[in-house]
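Report on the following structure.
2 protein chains.
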Amino acid sequence: MANTTSKQWILSDRTTSLPTISGPKPTFTLSTAELPPLQEGQLLVQVRYFSNDAGIRTFISCTVDQERMYVPPVPIGAPMRAGLLGEVLESKSPDFKSGDFVFAGSGSWAEKIVVNAADVQLTPPLPSGLSMTHYLGAFGGTGLTAHVGLLHVAQAKPEHTIVVSAAAGATGSMVVQVAVKLLGAKRVVGIAGGPEKCAWVRDYLGAHACVDYKSPTFKEDLKAATPDEVDIFFDNVGGPVLDGVLARMKRYGVVAVCGSVATYSSDEPMALRNWFEIVSQRLTLKGFFIFDHMDKVPEAREALIKAAAEGRIKVDIEQVVPAKIEEVPNVWIDVLKGVNKGKSVTKLIA
Amino acid sequence: MANTTSKQWILSDRTTSLPTISGPKPTFTLSTAELPPLQEGQLLVQVRYFSNDAGIRTFISCTVDQERMYVPPVPIGAPMRAGLLGEVLESKSPDFKSGDFVFAGSGSWAEKIVVNAADVQLTPPLPSGLSMTHYLGAFGGTGLTAHVGLLHVAQAKPEHTIVVSAAAGATGSMVVQVAVKLLGAKRVVGIAGGPEKCAWVRDYLGAHACVDYKSPTFKEDLKAATPDEVDIFFDNVGGPVLDGVLARMKRYGVVAVCGSVATYSSDEPMALRNWFEIVSQRLTLKGFFIFDHMDKVPEAREALIKAAAEGRIKVDIEQVVPAKIEEVPNVWIDVLKGVNKGKSVTKLIA
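Here the protein sequences line up with chains P and F, keeping their order.
Here the first sequence is numbered in my numbering, starting from 1 and rising by one per residue.
Here the second sequence is numbered in my numbering, starting from 351 and rising by one per residue.
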């Protein structure tokens with residue numbers, strides 16, 4: 001009965017360091033679960049692709065009080081939560097049929113899942129040449145976060161100098177493209193780790209400049225790359241990168257605070273030397289999530305799909321990694337290590 | 351010729367620690383200057399009161415690039431800049447006459463100063479029972495910053511829980527009173543150092559609660575004092591106090607960032623464990639200065655003077671310290687040490 005069991009990864013430890021699946025205290029443990037019988041309104045879904053988001057790190061351990069988390073942490077002993085794209089194998093919902101592709105934002109690291117139809121969205125076929133995996137990247141959480149965060153939350157304008165951290169990352173690579181190609185911003189500067197990523201941000205994504213935060217001359221390089229200072233900083237990272245950009249913000253500048261990947265696997269507090277710039281330059285910092293701006297999503301997705309179909313933005317920036325269920329956590333852990341460029345997607349193979 | 355010379359304090363070292371007037375590297379050095387002859391449009395002013403503002407610490411040394419400072423730093427060898435209230439001794443301006451009281455925001459630590467009439471404001475007589483020194487406190491920079499910052503920048507509403515750091519300080523003591531007595535906020539919680547200051551914030555200023563940040567149970571005490579979390583945080587301090595309040599902010603809460611006195615005399619970076627709350631709770635942080643909101647000042651000052659004249663707010667929260675010119679820096683240094691409650695004013699005596 002192939003459809004009655006599924007291997008799945010269980011959260012077994014709330015590490016505050018880099019997660020692992022080996023050693024005396026593995027973060028995740030593989031087990032085989034009996035799938036519950038389908039109820040009315042439910043779907044049995046075969047997972048095809050996992051979305052490897054750095055942000056799900058906060059479901060394991062996080063400095064935020066658990067009771068105050070926007071989404072509660074994953075309980076110890078429960079399957080690890082993850083976004084995924086899957087194919088409907090069986091439907092007890094009138095809204096879906098077998099063979100439909102669906103996005104489950106709160107799926108889990110499993111081969112098959114039983115979900116409520118209300119908790120998934122249909123992902124309709126895309127124009128020719130575009131892959132369904134873009135629903136996890138350019139047309140999914142990262143692309144929408146980039147578009148809505150930059151244009152609506154940060155209110156970026158064509159006359160602005162825009163800086164983007166983790167510019168080679170899943171969200172950052174879309175922010176750079178939205179800023180350069182859809183907004184037409186005067187100057188777009190990426191920040192990324194290492195010369196190879198920086199070259200990609202410049203040459204492939206189209207940033208006017210990209211600064212290597214690992215360079216000993218980061219501070220000077222950032223200053224040279226932002227001669228007119230910085231109107232908008234789209235920050236995915238926090239930490240020393242944020243600290244460096246604070247010292248380059250223009251008066252009345254805006255920091256869109258999207259994430260702080262520098263803190264996710266660290267017990268150290270974030271150390272900021274340049275906090276006083278917030279007062280001195282009268283900056284506004286805005287934490288945001290795409291969930292609060294769902295009214296902007298249809299328009300943003302349409303704009304992104306249209307731009308991609310016309311070749312104005314590059315959406316082949318997903319790194320699709322084929323992996324058996326046994327390797328699923330490790331592909332995601334690579335994202336935390338900063339191994340990838342662009343969006344990381346796991347293609348689940350047998 | 352008593353009116354041709356003046357003792358004045360010269361900035362002699364950019365210390366990043368607590369300033370001092372003794373030891374091998376004094377921050378300030380007393381000297382006697384020849385006063386220049388009065389030009390057309392200038393005034394000779396006898397200083398009566400100095401405003402002891404923590405913020406002028408940033409004119410000595412500051413993490414912000416000097417070229418990016420909102421007001422440039424004081425040059426080494428120049429008189430230390432300070433706000434003051436003085437009496438016109440001689441006027442070559444049609445707008446002022448001998449005997450007028452004026453406020454000079456960019457005065458200096460001297461007995462007498464020669465200023466351009468355009469750089470000072472007349473401080474008209476106040477209703478009976480109110481002291482001219484209030485032009486340096488409740489009706490001056492600190493009171494106006496409190497009123498405009500809380501009601502206009504942070505957009506505080508009566509239904510809000512409002513937390514104020516340095517609540518026994520010059521600005522904080524006015525924020526507490528504006529929140530409780532003018533706005534009528536649901537819950538106003540001060541944060542101050544030590545049980546005596548906390549008792550004063552509660553019993554004299556009228557806060558619903560005050561939490562001692564020096565207590566080992568600060569975190570738990572703050573949680574207990576904010577059962578409905580925090581809508582608005584008016585922060586004068588930064589550092590561990592800010593870090594603690596970030597973990598109590600309500601979703602979509604606002605932090606009005608007025609200052610960061612915790613960093614002014616420290617070489618250490620600000621260490622924040624709870625930065626991710628900005629994303630998790632979708633907070634907005636707004637750095638601000640009263641200078642950007644001068645259009646709100648006349649209305650704010652009128653409201654404060656009216657409330658004080660009617661006895662609705664307490665303005666006798668100035669600590670007026672009589673001091674000879676030789677002691678002027680030390681009275682100000684006490685503010686940095688957190689010795690005072692309310693606004694510190696130096697009354698210059700012969």
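The C-beta atom is built at its ideal place from N, Cα and C for all residues, glycine as well.
Excluding residues up to 5 positions away in sequence, K7, E111 and L348 lie with their Cβ nearer than 7 Å to the Cβ of P:I325 in the same chain. Following the DSSP letters along the chain, one finds F:R398 inside the beta strand (DSSP E) bounded by residues Q392 to S401. In this structure, F:A529 keeps its C-beta atom at 8 Å or more from the C-beta atom of F:L572. Judged by DSSP secondary structure, P:V148 falls within the alpha helix (DSSP H) whose first and last residues are G141 to V148. With fewer than 16 other Cβ atoms inside 10 Å of its own Cβ, F:R662 counts as exposed.
In this structure P:L130 is in contact with P:A309, their Cβ atoms being roughly 7 Å apart against a cut-off of 8 Å. Exposure of F:M644 is indicated by the presence of fewer than 16 other C-beta atoms within 10 angstroms of its C-beta. Cβ-Cβ separation between P:V201 and P:I162: approximately 13 Å, too far for a contact (criterion under 8 Å).
Residue state for P:G55 is assigned as helix, using DSSP reduced to three classes.
When the five nearest sequence neighbours on each side are left out, no beta carbon in the same chain lies closer than 6 Å to the beta carbon of F:Q505. The Cβ atoms of F:F451 and F:E437 sit closer than 8 Å to each other.
P:C258 is the residue among P:W275, P:E268, P:C258 and P:Y264 whose C-alpha sits nearest the C-alpha of P:G141. The C-alpha of P:T16 lies about 14 Å from the C-alpha of P:D65.
Per the Cβ contact rule, the stretch 569–587 of chain F is not in contact with the stretch 216–232 of chain P (fewer than 3 Cβ pairs under 8 Å). Under DSSP, the beta-bridge partners assigned to P:N116 are P:Q42. When the alpha-carbon of F:F639 is set against those of P:Y252, P:D334 and P:V320, the nearest one is in P:Y252.
In the structure shown, P:L242 falls within a helical segment according to DSSP collapsed to helix, strand and coil.
Taking 8 Å as the cut-off, the Cβ atoms of F:L385 and F:K442 do not count as close.
Taking 8 Å as the cut-off between beta carbons, the residues of the stretch 642–672 of chain F near chain P are D642, in sequence order. Shown in chain order are the members of the stretch 58–69 of chain P whose Cβ falls below 9 Å from a Cβ of chain F: T58, C62, T63, V64, D65, R68 and M69. Residue contact check for P:Q281 against chain F: a CB pair falls below 8 Å.
A straight line joining the alpha-carbon of F:M482 with that of F:N402 spans about 15 Å. Distances from the alpha-carbon of P:G206 to those of P:V255, P:A185, P:F50 and P:V339 put P:A185 closest.
The Cβ neighbour count for P:P79, taken over all protein chains shown within 10 Å, is at least 16; the residue is labelled buried. One Cα belongs to P:P124, the other to P:R81, and the distance between them is close to 24 Å.
Per DSSP, the continuous alpha helix (DSSP H) segment holding P:D221 begins and ends at F218 to A225. Sorting F:D363, F:S381 and F:T382 by C-alpha distance to the C-alpha of F:P374 places F:D363 at the top. The DSSP-derived three-state label of P:Y252 is strand. For P:T20, no CB of chain F lies under 8 Å from its own CB, so it is not counted at the interface with that chain.
Pairing P:L182 with P:A303 gives a Cβ-Cβ distance under 8 Å. For F:Q471, the beta-bridge partners assigned by DSSP are F:F453.
In this structure, the straight-line span from the alpha carbon of F:H510 to that of P:E318 is close to 45 Å. Taking 8 Å as the upper bound for CB-CB distance, F:A496 and F:V470 are not in contact here, some 23 Å apart. In the DSSP assignment, P:I232 falls outside any alpha helix (DSSP H) and within the unbroken beta strand (DSSP E) covering V230 to D235. For F:D562, the number of other beta carbons within 10 angstroms of its own is at least 16, and it is reported as buried.
For P:D203, the uninterrupted alpha helix (DSSP H) run begins and ends at P195 to D203, by DSSP.
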